[in-house]
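Read the structure below first, then the notes.
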Amino acid sequence: MRRDEVVISGISPFNLKETLESGQAFRWDAEDDVFTGVVRGRVLRARQEGDSLVLARPASDEDIRLAVEYFSLDVDHASIERRLCDMDPVLECAVRSFTGLRLLRQEPWECLVSFILSARNAIPLIRRAVERIARAYGDPIEQEGGARQSGDEFGNTSYYSFPTPGKLASADVLDLVRCGAGFRSQYVKAAAERVASGDIDLEGLRNLAYEAAKDKLMSLRGVGEKVADCVLLFSLGSYQAFPIDVWMTRVMRYFYFGGSKVSTATIAHFARERFGDLAGYAQQYLFHYARRKLAVELRGLE
DNA sequence: GCCCAGGTGAAGT
DNA sequence: ACTTCACATGGG
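The first sequence runs 1142 to 1443 under the numbering used here.
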């Protein structure tokens, strides 16, 4: 163990890889078992060793605090998984398959833009667009202490913060299109204007009831039920949110509706009744299970 | 070329 | 209320 690393232990159940590859966040890259990402303007580099999370090189106290918050390491995840397993056999199977899958606490503004970009889009393209937007409008991040990542002259290995609402509010829509945002470009700019002006206070949504916060988010163009639920679940701590996309529709049909066709409203109602205040956790395990284990079967179900 | 990808908004029944 | 369609972009 290197002296300059920081080990955060006693966090089981926790699975770094599955958590970061479960489609919640779009700014993480893996090299072997080391994951590097930008969170709230800081570069985090981490790997998992057994039941511990290891923060690579110069990890400040602030980095540690940030990692604990971001990965929800302060949450009693064991009891959440226990409750989920007791709900039904399907969930039990999904939880056992991916124990330690956490819900991240992302920065709401970046989360909102990321999921506006997710509409009718593919995950690799969403990742690319988010990255290009950060490079085009964000600020380069000075990495503390020694060996700054080399190669930035070629634009390969430098890191950028996600741009503020104010920065994107003054962006040229055509430049956003060049970042790969496509027809969602105008939605991103309009959302930036609403947030930058204070018309919508994203952090303030935490103080509202789930439905009220969701209504506020859905008043933004390009934000429907699904995107609003993603923002509430992945950045605002609304664990009753249950985002329903094509994958969730498939997996819910398959497991809970005998393969028959059902509307998203029916699925949403069922999820609220069955999973209650843990619906968001149920969604994340089922979504990840569907993509990792059932991709072939579910595609054929259309 | 054609189809689809973590949907949404607008227009049509 | 429910159904249909366009919407940029790129990978299979």
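From the three backbone atoms N, C-alpha and C, an ideal C-beta is built for every residue, glycine too.
Enclosing alpha helix (DSSP H) for residue i [first to last residue]
i	result
Ser-1326	1326-1337
Val-1372	1366-1376
Glu-1203	1202-1211
Asp-1172	In the sequence as presented, Asp is not what sits at residue 1172; that position holds Glu. Glu-1172 -> not in any alpha helix (DSSP H); beta strand (DSSP E) instead, spanning 1169-1172.
Glu-1222	1218-1228
Leu-1161	1157-1161
Val-1392	1387-1397
Ala-1353	1351-1359
Arg-1415	1405-1416
Burial state of residue i, where buried means 16 or more other Cβ atoms lie within 10 Å
i	result
Ala-1219	exposed
Leu-1346	buried
Gly-1421	buried
Arg-1325	buried
Gly-1339	exposed
Ser-1379	buried
Gly-1151	exposed
Ser-1401	exposed
Glu-1344	exposed
Ile-1264	exposed
Leu-1373	buried
Ala-1436	exposed
Gly-1365	exposed
Gly-1363	buried
Thr-1407	exposed
Ala-1243	Checking the displayed sequence, the identity of residue 1243 turns out to be Arg instead of Ala. When all chains shown are included, Arg-1243 counts as buried.
Glu-1458	Limits of the chain in this structure are 1142 at one end and 1443 at the other, which puts residue 1458 out of reach.
His-1410	exposed
Gly-1287	Note that Gly-1287 scores a pLDDT of 45, beneath 50, so its modelled location is shaky; the value from the coordinates is reported in the next line. Answer is exposed; the Cβ neighbour count stays below 16.
Ala-1350	exposed
Ala-1353	exposed
Asp-1173	exposed
Unbroken beta strand (DSSP E) run spanning residue i, endpoints
i	result
Arg-1149	According to the sequence provided, residue 1149 is Ile. The question's Arg does not apply to it. Note, Ile-1149: beta strand (DSSP E), 1147-1149.
Val-1195	1193-1196
Simplified DSSP state of residue i, which is helix, strand or coil
i	result
Thr-1177	strand
Ile-1152	coil
Arg-1183	strand
Lys-1434	helix
Leu-1214	coil
Leu-1346	helix
Gln-1425	helix
Ala-1420	helix
Ala-1382	coil
Ala-1235	helix
Which residues DSSP lists as bridging residue i, in chain order
i	result
Gln-1189	Leu-1194
Exercise. Taking only runs that begin and end inside the segment 1238-1326, name each unbroken alpha helix (DSSP H) of 4 or more residues, in chain order.
Key: 1249-1257, 1264-1278, 1306-1310 and 1314-1319
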